[in-house]
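This report concerns only the one structure given below.
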Amino acid sequence: MTTTETPKLTIAWLYGTKMNIYGDRGNVLALAQRARWRGVTPEIMEIGLGDPIPGDVDVFFFGGGQDQEQVAVSRDLQGEKGEQLRLAVESGAALLSICGGYQLLGHEYRPHDGNPLPGIGLFDVESVAGPERFIGNVVIESRWGTLVGFENHSGLTFLGERAEPMGRVQVGRGNNGRDGTEGAIYKHAIGCYLHGALLPKNPALTDWLVAAGLERRYGSGDLTSLDDTIELAAHTSAVGRAVATR
Amino acid sequence: MARFDPRLIGALSASKVTAFGIRRLGRGGGTSAPGLIADRIDPALLTKLTAQLRHGAIVVAGTNGKTTTSRMIADILEHAGHTVVHNRSGSNLVRGVVSTFAAQASVTGHLRGEIGVIETDEAAFPDVVRLVRPRVILLNNLFRDQLDRYGELDTIARKWRASLLELDASTTIVVNADDPALVTVSSDLTSPRITFGLDEGRYRLDALPHAADAATCRICGADLAYHALYVSHLGDWYCPSCGSARPSLTFSGHDTDLHGVDSLAIRITDTGTQRTERYEIGVPGLYNAYNTLAAVAVSTAVGIDTGTIRGALAAFRSAFGRIERVTWRDRQLTLALVKNPVGFNEVLRMLTAETGGLTVPTLIAINDLYADGRDVSWLWDVDFELLADGDGRLSTTGLRGPDMANRLKYAGVDPARMTSLPVKLDAGLDAFVESVPPGGSGYILPTYTAMLEIRKLLADRGAVESFWQQ
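Protein chains in written order, with this note's numbering: chain U, 3 to 248; chain X, -8 to 461.
Right, dumping it as C-alpha cells:
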C-alpha cells in the first residue's frame, strides 16, 4: 500500500434492511472486523431499492430475503443497476451472495407460483423452486479448505457449462441435492446457500474476500495473520455438529 | 353432556391410560402422547370438549411471551372464581392441547371447567382455531423465531389470516396494534377487533434494532417509520408512503416503571371508558409490559373487573423457566431463558439497563437441538454489542458454546474477558459457578434445552429454588 493515509475497505451491503434473514449481519461484521484488526478502516454502506451502485465498492454482500422482498429486489436489479454490479465484479470487486441473493445473481429464479424472477446472469446458474426444503448443517471441501455453514432453502440451483462450483458437498445437500456441488464462483464473486453465519467461522474465506477488496483498491492484498483460536474452535465444533446431525 | 358418544369415550379412556402409564414409568414431559392417541381415535375430541366451556375459550398466539401471558390470563380468571382449563405446561401443539382437555374430562366425556385458556404454537394456530372456535383470540406479536422450524414469517402471517377469515362475529380478536404485520393479519374481519399498544414516553429505542423484521408496509411495500419504537419492530408505526398507520388503541399502556430484573408497573387506559388503572406485576422488562397489557385487554374483553385483574397481577410471578432465581453453593444465580433474537435482546437490555454495561459474571449456554432451532445463525441477529462495555466476565458453554464465543468476539468483547468452557453443560455449569466468588451473583442465559438440563442439574445437586412456581 503506497498511500500514507489509513487504508480503508468499502463494504456494500446490498438491500441490507430487506435481505437479512438468518444472521446475514454476521458476514458483514466478519469482513469489517477482520479488516479493522489489521489497521484497515472498514466503511460500510447499504445499497437499497433505487440507490445506484457506487464505483468504488471493494466488497459486496448480498443476503437472503423473504418472497415479498425478493420480487422487489429482482425488479430493482434489472437494467443499469445490475450492469453496474456486473461491471464492479469484472473490475475486481469481491462479492459474497447467499441464498436469495445468489439466486438473483444467476439467470433466473422460477418460483412455484407467479412469474419467473429474472436475475442478472453474473453466475451461469439457474434456480427453480423444488419440492422439499433442505434444512441442516453443511460441510464442503473448497479451495479455502473445509467450510461449514447451515442451509435452509427449497430453491434448487443448477450450474451451467461456464459455472465453477464453490466446492463439493461432504455433509448436506448443496446446490440441488443431486450433483454434489455447492455454490458458484466467478472471479472474486461467490454465490452459495451457506448461512451460519458463514464468514465468522470460516476465516480463510473471509480473508480471501478482504484481500481481494484491498487488492482492488491498492493493488496489493497481503494480510497479516491474526489469532484465530476462537474462530477455529467454532469451525471445528460446527463441523462436529454437522456430522452428528445429518 | 348426556348423549352417549362411544368414540369420545374411547378416545378419553385411551388418553387417560396413556397418561397414567407415562406417570408410572416416571417419565417427565409426557404431556403430548395421551393427546396424540386420543386425537387418533376421535379427531373431533377437542371440539366436543371445548364446546362444553360455559364461558368459551381464549386462544393465545404469538412468538414471544405466550406462556407468560396465558398464565397471567388464567390467574386472573381463577381470581375471578372461574374453573379454568389451561395447557399450563406450555405443551402448545394440537396434541398437547388435546391432552390438557382430555385430562380435565371424565371418562364419559364431561369436562370439568368453565373457561379455556389455550396457548398455541405459531404453526398449530390454524388447527387449534378451527377445532376450538374460540371466544377470544389474542395475537400478541410475530417475531423471527427458529425459521428452520416454522418457515418464513410471511407464510405464518398468511396462514393466520386465512384462519381468521373463517371466523364470525362470535369471536373477538385482541391484537397488539404496535405490530404492523398483526394489524394487517386482523384487518377487515367479520370478528370484532380490540387493539392494544404502548404510548410510552420514557422507554424508547432510538432506531430499529437489527433483529427487527416487519419494517415494510404490508400494503404498499414502502419502509415503515415510527413516531415511537419500543421493542424490536413494535411501536407507534406509520407508512410515510401510503398513509396507513397504527390503528387507534382500545387499551393504551403508558407511564411504565421498570424495576431491573424484578418487576414493573404500568398505567393502562381503557379508551372506551376513559378509565386509567395502575398495575404492578412481578415480571421484568418492557416486553412484559406488552404481556401485561395483553392480559388486561383479554380479561376485560371477557368481563373481568379491574379490581380483580389488579389483585391477580399483583400476585403474579414469572413463568416457570423464564426467569428463575436459585441459590447454590452460596451464589445467587439468575436464570433467564433466551430463545430468539428479540427475546435475547430484551434480556440483554434488562441486564445492562441500570449500569450501562454488564457487571455481573454471565454464562451463556447455547444448544442447537430441535427445540432450540438447529440453526444458530440467529445469534448474529442479537445485539451482543451491548456487552462490549462493562467488566463482567462472559463464559460460554453448550453444544454451540464455541459459536457463541465467536459471536462475542465479533461483537467487540475483549477476548481477555471471555472464558470458553466445555460444551458439556454439567462441566460448564460447575466451572462457571466456581468462577463466581462465594456470596456473589451470576446470570445464566440458556436456550430452551440447555435450560431444561441446567435446571435438572441444579435440582439434582440440591440447589435451593428461591423463586419458583409452576
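Backbone N, C-alpha and C define an ideal beta-carbon position, used for all residues, glycine too.
All values reported here derive from a predicted model rather than from experimental measurement.
Margin query: Suppose you measure from the CA of X/Gly462 to the CA of X/Ile109; what does that come to, to the nearest Å?
Written below: Not covered by the structure: residue 462 of chain X. The range shown for chain X is -8 to 461.
Note to self: I'd like to know whether the C-beta atoms of X/Leu255 and X/Asp248 end up nearer to each other than 8 Å.
What the structure shows: The count along the second sequence starts at 1 and reaches residue 255 of chain X at position 264. The count along the second sequence starts at 1 and reaches residue 248 of chain X at position 257. Here X/Leu255 is near X/Asp248, since their CB atoms are less than 8 Å apart.
Item checked: X/Pro332: first and last residue of the uninterrupted alpha helix (DSSP H) it sits in -> Counted from its first residue, the second sequence places residue 332 of chain X at position 341. Segment Pro332 to Thr343, the alpha helix (DSSP H) holding X/Pro332.
Note to self: Once DSSP output is grouped into helix, strand and coil, what is the label at U/Lys2?
What the structure shows: For residue 2 of chain U there is no data in the structure shown, the boundaries of chain U being 3 and 248.
Next item on the list: Tell me where the alpha helix (DSSP H) around U/Glu110 begins and ends.
Entry: Here the question's residue 110 of chain U lines up with position 108 in the first sequence. Not the alpha helix (DSSP H): U/Glu110 falls in the beta strand (DSSP E), residues Glu110 to Arg112.
Margin query: With a threshold of 8 Å between beta-carbons, can U/Leu31 be considered close to chain X, or not?
Written below: In the first sequence, counting from the first residue as 1, residue 31 of chain U sits at position 29. At least one chain X Cβ lies under 8 Å of U/Leu31.
Checklist line | Cutoff 8 Å: U/Gln172 Cβ touching any chain X Cβ | finding: On the first sequence, position 170 is the one that residue 172 of chain U refers to. U/Gln172 does not count as touching chain X.
Item checked: Every unbroken alpha helix (DSSP H) within the stretch 138 to 185 of chain X, with a cutoff of 4 residues, ordered by chain -> Whole alpha helix (DSSP H) segments, 4+ residues: 138 to 141, 144 to 156 and 171 to 176.
Next item on the list: Determine the DSSP secondary structure at U/Trp39, reduced to helix, strand or coil.
Entry: Residue mapping note: residue 39 of chain U aligns to position 37 of the first sequence, counting from 1. Of the three classes helix, strand and coil, the one that applies to U/Trp39 here is coil, per DSSP.
Notebook entry, point to check: At a Cβ cut of 9 Å, what residues of the stretch 380 to 414 of chain X count as close to chain U, listed as they run along the chain?
Noted result: Within the stretch 380 to 414 of chain X, the qualifying residues are Leu390, Arg391, Gly392, Pro393, Asp394, Met395, Ala396, Asn397, Arg398, Leu399, Lys400, Tyr401, Ala402, Gly403, Pro406, Met409, Ser411 and Val414.
Next item on the list: Can you grab the Cα-Cα spacing for the pair U/Pro202 / X/Leu36, in whole Å?
Entry: Against the first sequence, residue 202 of chain U aligns to sequence position 200. Against the second sequence, residue 36 of chain X aligns to sequence position 45. U/Pro202 and X/Leu36: Cα-Cα distance of roughly 50 Å.
Notebook entry, point to check: Are the stretch 201 to 221 of chain U and the stretch 374 to 386 of chain X touching by the rule of at least three beta carbon pairs closer than 8 Å?
Noted result: no
Margin query: What does the alpha-carbon distance come out to for the pair X/Ile355 and U/Gly116?
Written below: The residue given as residue 355 of chain X occupies position 364 in the second sequence. The residue given as residue 116 of chain U occupies position 114 in the first sequence. Rounded to whole angstroms, the gap between the alpha carbons of X/Ile355 and U/Gly116 is 44 Å.
Margin query: Within 10 Å of its beta-carbon, does U/Glu166 have 16 or more other beta-carbons around it, so buried, or fewer, so exposed?
Written below: Position 164 of the first sequence, counting from 1, holds the residue named residue 166 of chain U. Result: exposed.
Item checked: Sequence-distant residues of its chain with Cβ nearer than 6 Å to X/Pro231 (five each side left out) -> Your numbering for residue 231 of chain X matches position 240 in the second sequence. If the five residues before and after X/Pro231 are omitted, its C-beta is found closer than 6 Å to the C-beta atoms of Ala216, all from its own chain and listed in chain order.
Notebook entry, point to check: Under 8 Å between C-beta atoms, does U/Ser239 make it to chain X?
Noted result: Translated into positions along the first sequence, residue 239 of chain U becomes position 237. Answer yes: the Cβ-Cβ gap between U/Ser239 and chain X drops below 8 Å somewhere.
Notebook entry, point to check: So, helix, strand or coil for U/Leu24, using DSSP?
Noted result: Mapped onto the first sequence, residue 24 of chain U falls at position 22. Sequence inspection shows Tyr at residue 24 of chain U; the Leu mentioned does not correspond to that position. Of the three classes helix, strand and coil, the one that applies to U/Tyr24 here is coil, per DSSP.
Next item on the list: Work out the CA separation of U/Ala32 and X/Pro406 for me, nearest whole Å.
Entry: Within the second sequence, residue 406 of chain X is the residue found at index 415, counting from 1. Within the first sequence, residue 32 of chain U is the residue found at index 30, counting from 1. The alpha-carbon atoms of X/Pro406 and U/Ala32 are separated by roughly 16 Å.
Notebook entry, point to check: With C-beta atoms as the reference, is X/Phe499 less than 8 Å away from X/Val176?
Noted result: Only positions -8 to 461 of chain X appear in the structure, and residue 499 of chain X is not among them; the question remains open.
Check: Among X/Leu156, X/Tyr278, X/Arg135 and X/Ile128, which one has its Cα closest to the Cα of X/Glu191?
Finding: Residue numbering aside, residue 191 of chain X sits at position 200 when the second sequence is read from its first letter. Here the closest residue by C-alpha is X/Tyr278.
Check: Name the chain U residues that come within less than 7 Å of X/Gly364, Cβ to Cβ?
Finding: Locating residue 364 of chain X in the second sequence gives position 373, where the first residue counts as 1. Neighbours of X/Gly364 in chain U, taken as residues whose beta carbon is under 7 Å from its own, are absent, since the nearest beta carbon is some 10 Å off.
Notebook entry, point to check: Looking at C-alpha atoms only, which residue of X/Lys57, X/Leu68, X/Leu180 and X/Pro332 is the closest neighbour of X/Asn131?
Noted result: Indexing the second sequence from 1 puts residue 131 of chain X at position 140. When each option's Cα is compared against that of X/Asn131, the closest is X/Lys57.
Note to self: Restricting to runs no shorter than 3 residues, where is the beta strand (DSSP E) found entirely within the stretch 356 to 435 of chain X?
What the structure shows: 385 to 388 and 409 to 411
Check: Expressed to the nearest angstrom, what Euclidean distance is found between the alpha-carbon atoms of X/Gln43 and X/Asp33?
Finding: Indexing the second sequence from 1 puts residue 43 of chain X at position 52. Indexing the second sequence from 1 puts residue 33 of chain X at position 42. If I take the Cα positions, the gap works out to 16 Å.
Next item on the list: Less than 8 Å between the CB atoms is what I'm expecting for X/Pro429 and X/Arg322, so what's the real figure, rounded?
Entry: As a working mapping, residue 429 of chain X is identified with position 438 in the second sequence. As a working mapping, residue 322 of chain X is identified with position 331 in the second sequence. About 7 Å separates the two Cβ atoms, so the contact holds.
Checklist line | Distance between X/Ile49 and X/Arg308 (C-alpha atoms, nearest Å) | finding: Sequence index remark: in the second sequence, residue 308 of chain X carries index 317 (1-based). Sequence index remark: in the second sequence, residue 49 of chain X carries index 58 (1-based). CA-to-CA, the gap between X/Arg308 and X/Ile49 works out to about 21 Å.
Next item on the list: Using 10 angstroms around the beta-carbon of U/His114, count the other beta-carbons present and answer buried if the total reaches 16, otherwise exposed.
Entry: Here residue 114 of chain U is taken as the residue at index 112 of the first sequence, counted from 1. Exposed: under 16 other Cβ atoms inside 10 Å.
Margin query: Could you give the first and the last residue of the continuous alpha helix (DSSP H) run that contains X/Thr297?
Written below: Translated into positions along the second sequence, residue 297 of chain X becomes position 306. Per DSSP, X/Thr297 belongs to the alpha helix (DSSP H) from Thr297 to Ala305.
Note to self: If we define contact as Cβ-Cβ less than 8 Å, is U/Phe64 a contact residue for chain X?
What the structure shows: Translated into the one-based positions of the first sequence, residue 64 of chain U becomes position 62. No - not a single Cβ of chain X is within 8 Å of the one on U/Phe64.
Checklist line | Residue from X/Phe423, X/Asp366, X/Ala450 and X/Gly431 whose Cα sits closest to the Cα of U/Val150 | finding: As a working note, residue 150 of chain U is residue 148 in the first sequence. Out of X/Phe423, X/Asp366, X/Ala450 and X/Gly431, X/Asp366 has the C-alpha closest to the C-alpha of U/Val150.
Next item on the list: Flag U/Phe160 as yes if its beta-carbon sits less than 8 Å from any beta-carbon of chain X, otherwise no.
Entry: Indexing the first sequence from 1 puts residue 160 of chain U at position 158. Chain X contact via Cβ: absent.
Notebook entry, point to check: Taking 7 Å as the line, does the beta carbon of U/Leu33 fall inside it for any heavy atom of the ligand ADP?
Noted result: Ligands displayed in this structure: none; no statement on the ligand ADP is therefore possible.
Item checked: C-beta neighbour in chain U for X/Gly17, strict 8 Å -> Taking the second sequence and counting its residues from 1, the one referred to as residue 17 of chain X is at position 26. In this prediction, X/Gly17 scores a pLDDT of 41, lower than 50, which makes its location untrustworthy; the coordinate-derived value is nonetheless stated afterwards. Chain U contact via Cβ: absent.
Notebook entry, point to check: Cα separation between U/Ala186 and U/Ser99?
Noted result: Against the first sequence, residue 186 of chain U aligns to sequence position 184. Against the first sequence, residue 99 of chain U aligns to sequence position 97. The alpha-carbon of U/Ala186 is positioned some 10 Å away from that of U/Ser99.
Notebook entry, point to check: According to the neighbour-count rule (16 or more other Cβ atoms, all chains shown, within 10 Å of its Cβ), is X/His250 buried or exposed?
Noted result: Working through the second sequence from its first residue, we reach residue 250 of chain X at position 259. With fewer than 16 other beta carbons inside 10 angstroms of its own, X/His250 counts as exposed.
Next item on the list: Return the chain-ordered list of same chain residues with a C-beta closer than 7 Å to the C-beta of X/Gly302, the five sequence neighbours on each side being excluded.
Entry: Here the question's residue 302 of chain X lines up with position 311 in the second sequence. Counting only Cβ-Cβ distances below 7 Å, and skipping sequence neighbours, we find His70.
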